[in-house]
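Peer 1: Pasting a structure below so you can have a look.
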Ligand code: ACM
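Residue numbers (full-length UniProt numbering): 1 to 772.
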């Protein structure tokens, strides 16, 4: 009887399943085979993502099973708050329609890794550590309807069938905020952390002190904040106030202004208690707060109060930067160690940043004590004195179990290999190369494109611009800890403006930091970014998404097929582009751009993004030449400048034409004359030559006095056959690109000597010698 009964139940259950299967198949057919795919718009894109066509219906009758050995309690609480927002209630462990299982796996190699699998009746999220689980939850959050961000509840949420294996490319995925130049409230910092964690960034570098304000309470030196956190309006404030007449986001936040005897004081600081609470909060979002106390320069907020900390006892400014701490005064080390002791008490972070950027060392040169110290210790120059300071302060922090981060300027006098170098000066050649060769680990934060406060910081570049030069030693790539972008706030006084400078750029940074290069795809990112904007809206982020219709051309020179491939990129998602190759204005009857196209010989490409059938500004013009000198060897009678080698000796005959910036790795720079000879390999009929130069007077880049061309057949006796004089005045302030082009009248020769005198003694930049 019992046996029969069990059998019956089994049979019944089998029949039910069978029926259900047929019903599902039938319904599937009736509703036109496969359901509409659910759009998956994750940022950052996972390491591996596979999708199916089934759906998982998330509702209040979904059962939650937890198998976490008690290690994920904070994350589970976070998951439940997400459920509260999405479906209006927490999930229970009562058996229901389907199952979500959260599991702790054997700890994986990378604690930030997670695995998410969604099928029709079960979702499994597993990770070896809390960080990984948290990132899995952030992925799940982005799969939930955007409305959940504002508590828009639905009891029938369809999630797509998928499987994700994910882990970050880099362990250091950071944003920075300068809270010294302008102050930001604790509420703003918390929301910043929330947003960083949503996009899987894991560090916030807080620039807490600088010349313009000291923002961290130090109990031993209360004056640092009593006085150093406040100022009457400075020049930067005045600039902001002026700009606020046009754009209210430049207005100083009233909450950071205090009236004292009728005079407005701007400022603010964080108490130690506030900072400790903030650090704990950020820990729940797996964001490490890395504090920076910038020294020995950028210390005027402190030196103004304690002038004895400067070598000359004066709180003053040098030619470029403020007077630094005096590295040969023992009182300085007492001060620094006392401050850092309190900093370490507040911040449990593994890392402490001690700045070491932009130190004006004149007061050290002029100090008898400093000179005596240097002599006694065999130091050749003040850069070595800075290294002494940096190494001594670092040793103190390391003895206390911390790792130290410095800006790359610190390398000038040599640094210990155990320091982490933060690369920011993108205009100095080979900084990351030298740092890794010295044994240091490096964080890539090049000002262009990662200083979000500068106009150079464009979405395309943030996502795409190479961060390392072509000579970076590939075998040392493991020394790159990660990437970071910075927000310097000299002219960013408000939360609204900070939001606008940060977002959506942060999303591009986040994808670059998290996703493996194989999963980074600019075209896909542009679309996914647009799909993220409603979420940012609901989160109250005042982002500035203004993609330009500017086209960015890329060349691919193919010496086998003797042609140049052209690719056009744009910040616009799925742009419509028309182009011509004969210099004429494109219309909708011109070539429709559908991907790379090829130029043999010469072409003047004119291209534009079209909207509503009309070309939009700016219109791209690009001269492309597959010319006779491509691949031919060039002898340099005078060297290129080591900071701007482009592709070394092949650069002027490689077919590549420079872009808008002289440091794009294509323009080759000279601080002496350009003086080279091209060997055409054999006697060649020479019809024309052109060389293009750039002038950017601000940074000291000028036109040559003239371009002179001489030819020879034996490489010894040359006949001058062309001279083209410059006609761009030195006084021209705007950036100019000028092609020096002339006829060689069909002359036959093997060697072509090109001279362009550098008369201004600044830089001259040239991209290509086009010989036909
Ligand atoms: C810096 O921008 N001075 C690090």
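Built from N, CA and C at the ideal position, the CB exists for glycine as well.
Because the structure is a prediction, the values reported are computed rather than measured.
Buried or exposed: residue 501, going by 16 or more other Cβ atoms within 10 Å of its Cβ?
Peer 2: In the chain shown, residue 501 corresponds to position 501, counting from 1. Burial call: buried.
Peer 1: Would you say residue 569 touches ligand 3, meaning its beta carbon is less than 7 Å from a heavy atom?
Peer 2: Ligands present in the displayed structure are limited to ligand 1, and ligand 3 is not among them.
Peer 1: Would you grab the beta carbon distance between residue 469 and residue 433 for me? Rounded to a whole angstrom, and I think it's under 8 Å.
Peer 2: For this step, residue 469 is matched to residue 469 along the chain shown. For this step, residue 433 is matched to residue 433 along the chain shown. Right, the Cβ-Cβ distance comes to about 7 Å (below 8 Å), so this counts as a contact.
Peer 1: Is the segment 268–287 touching the segment 146–160, taking contact as three or more C-beta pairs under 8 Å?
Peer 2: No, they do not touch.
Peer 1: Would you grab the beta carbon distance between residue 186 and residue 204 for me? Rounded to a whole angstrom, and I think it's under 8 Å.
Peer 2: Numbered from its first residue, the chain shown carries residue 186 at position 186. Numbered from its first residue, the chain shown carries residue 204 at position 204. Wrong, their Cβ atoms sit about 13 Å apart, outside the cutoff.
Peer 1: What residues sit near ligand 1, counting only those whose C-beta is closer than 6 Å to one of its heavy atoms, in chain order?
Peer 2: Selection output, chain order preserved: 357, 358, 407, 424.
Peer 1: Measuring CB atoms only, is the segment 118–128 touching the segment 45–61, in the sense that at least three cross pairs come out at less than 8 Å?
Peer 2: A contact exists between the segment 118–128 and the segment 45–61.
Peer 1: Express the C-alpha separation of residue 665 and residue 645 in angstroms, rounding to a whole number.
Peer 2: Reading the chain shown from its first residue, position 645 is the one you call residue 645. Reading the chain shown from its first residue, position 665 is the one you call residue 665. Each residue's alpha carbon lies about 7 Å from the other.
Peer 1: Curious, which full-length beta strand (DSSP E) runs of at least 3 residues does the segment 385–446 contain?
Peer 2: 403–407, 420–423, 441–444, all fully within the segment 385–446.
Peer 1: Just confirm the distance between the C-beta atoms of residue 528 and residue 43, as a whole number of angstroms; I'd bet it's less than 8 Å.
Peer 2: Reading the chain shown from its first residue, position 528 is the one you call residue 528. Reading the chain shown from its first residue, position 43 is the one you call residue 43. Their Cβ separation, rounded to whole angstroms, is 5 Å, which keeps residue 528 and residue 43 in contact under 8 Å.
Peer 1: Touching or not, the segment 681–688 and the segment 723–740, by the rule of three or more beta carbon pairs under 8 Å?
Peer 2: No, they do not touch.
Peer 1: Start and end of the alpha helix (DSSP H) containing residue 187?
Peer 2: In the chain shown, residue 187 corresponds to position 187, counting from 1. Taken as a continuous stretch (DSSP letters only), the alpha helix (DSSP H) holding residue 187 covers 186–198.
Peer 1: What residues in its chain sit with their C-beta under 7 Å from that of residue 626, if we drop five residues either side in the sequence?
Peer 2: Your numbering for residue 626 matches position 626 in the chain shown. So the list reads 562, 563, 564, 599, 600, 601, 655, once near-sequence residues are dropped.
Peer 1: Short check: CB of residue 267 to CB of residue 360, under 8 Å?
Peer 2: Within the chain shown, residue 267 is the residue found at index 267, counting from 1. Within the chain shown, residue 360 is the residue found at index 360, counting from 1. Not a contact, by the Cβ cut-off of 8 Å.
Peer 1: Can you tell me where the beta strand (DSSP E) with residue 172 in it begins and where it stops?
Peer 2: Reading the chain shown from its first residue, position 172 is the one you call residue 172. Element bounds for residue 172: 172–178.
Peer 1: Tell me where the beta strand (DSSP E) around residue 160 begins and ends.
Peer 2: One-based indexing of the chain shown puts residue 160 at position 160. Here the beta strand (DSSP E) through residue 160 covers 157–166.
Peer 1: For residue 213, which of 232, 633, 201 has the nearest alpha-carbon?
Peer 2: Translated into positions along the chain shown, residue 213 becomes position 213. Residue 232 is the option with its Cα nearest to residue 213.
Peer 1: Out of 201, 767, 134, 337, which one is the CA nearest neighbour of residue 218?
Peer 2: Sequence index remark: in the chain shown, residue 218 carries index 218 (1-based). Nearest of 201, 767, 134, 337 to residue 218, Cα basis: 337.
Peer 1: What residue from 721, 316, 576, 704 has the CA that sits closest to residue 710's CA?
Peer 2: The residue labelled residue 710 in the question sits at position 710 within the chain shown. Nearest C-alpha to residue 710: 721.
Peer 1: If we ignore side chains and look at the alpha-carbon of each, how far apart do residue 309 and residue 427 end up?
Peer 2: Here residue 309 refers to the residue found at position 309 of the chain shown. Here residue 427 refers to the residue found at position 427 of the chain shown. Approximately 32 Å, taken between the alpha carbons.
Peer 1: Fully enclosed by the segment 497–558, which beta strand (DSSP E) runs are 3 residues long or longer?
Peer 2: You should have 551–558.
Peer 1: List the DSSP bridge partners of residue 221.
Peer 2: By one-based count along the chain shown, residue 221 stands at place 221. Paired residues: none, contrary to the question.
Peer 1: For residue 421 and residue 440, I'd like the C-alpha separation in whole angstroms.
Peer 2: Locating residue 421 in the chain shown gives position 421, where the first residue counts as 1. Locating residue 440 in the chain shown gives position 440, where the first residue counts as 1. Distance between the alpha carbons of residue 421 and residue 440: 7 Å.
Peer 1: Going by DSSP in three states, residue 486 sits in which element: helix, strand or coil?
Peer 2: Within the chain shown, the letter at position 486 stands for residue 486. Here residue 486 sits in strand by DSSP.
Peer 1: Looking at the strands, I want to know which residues DSSP matches up with residue 141.
Peer 2: The residue labelled residue 141 in the question sits at position 141 within the chain shown. None, per the DSSP bridge assignment.
Peer 1: By a C-beta neighbour count over all protein chains shown, 10 Å radius and 16 as the cutoff for buried, is residue 512 buried or exposed?
Peer 2: Taking the first residue of the chain shown as 1, we reach residue 512 at position 512. Result: buried.
Peer 1: When the Cα of residue 496 is compared with those of 537, 461, 517, which residue comes out closest?
Peer 2: The count along the chain shown starts at 1 and reaches residue 496 at position 496. Ranking 537, 461, 517 by Cα distance to residue 496 puts 537 first.
Peer 1: On a Cα-Cα basis, can you pick out the residue from 748, 492, 471 that is closest to residue 453?
Peer 2: Mapped onto the chain shown, residue 453 falls at position 453. Comparing Cα-Cα distances from residue 453 to each of 748, 492, 471, the minimum goes to 492.
Peer 1: With DSSP as the reference, label residue 680 as helix, strand or coil.
Peer 2: Taking the chain shown and counting its residues from 1, one reaches residue 680 at position 680. In the structure shown, residue 680 sits in a strand (DSSP, three-state: E or B).
Peer 1: Can you check whether the CB of residue 129 is closer than 8 Å to the CB of residue 107?
Peer 2: Residue numbering aside, residue 107 sits at position 107 when the chain shown is read from its first letter. Residue numbering aside, residue 129 sits at position 129 when the chain shown is read from its first letter. Taking 8 Å as the Cβ cut-off, residue 107 and residue 129 qualify as a contacting pair.
Peer 1: For residue 24, count the other beta carbons within 10 Å of its own beta carbon; 16 or more makes it buried, fewer makes it exposed. Which is it?
Peer 2: Working through the chain shown from its first residue, we reach residue 24 at position 24. Because residue 24 carries a pLDDT of 40, less than 50, the predicted location of this residue cannot be relied on, and the following value inherits that uncertainty. That one is exposed.
Peer 1: Hey, residue 114 and residue 125: beta-carbon distance below 8 Å or not?
Peer 2: In the chain shown, counting from the first residue as 1, residue 114 sits at position 114. In the chain shown, counting from the first residue as 1, residue 125 sits at position 125. Cβ atoms of residue 114 and residue 125: closer than 8 Å.
Peer 1: Using 8 Å as the threshold, is the C-beta distance between residue 445 and residue 410 below it?
Peer 2: Translated into positions along the chain shown, residue 445 becomes position 445. Translated into positions along the chain shown, residue 410 becomes position 410. Not in contact: residue 445 and residue 410 (Cβ atoms no closer than 8 Å).
Peer 1: Which stretch, first to last residue, makes up the alpha helix (DSSP H) that contains residue 301?
Peer 2: Reading the chain shown from its first residue, position 301 is the one you call residue 301. Per DSSP, residue 301 belongs to the alpha helix (DSSP H) from 300–303.
Peer 1: Let's see if you can read the secondary structure: which residues bound the alpha helix (DSSP H) around residue 79?
Peer 2: Translated into the one-based positions of the chain shown, residue 79 becomes position 79. Segment 73–87, the alpha helix (DSSP H) holding residue 79.
Peer 1: With burial defined as no fewer than 16 other Cβ atoms inside 10 Å of the residue's Cβ, what is the status of residue 648: buried or exposed?
Peer 2: Reading the chain shown from its first residue, position 648 is the one you call residue 648. By the neighbour-count rule (16 or more Cβ atoms within 10 Å), residue 648 is not buried but exposed.
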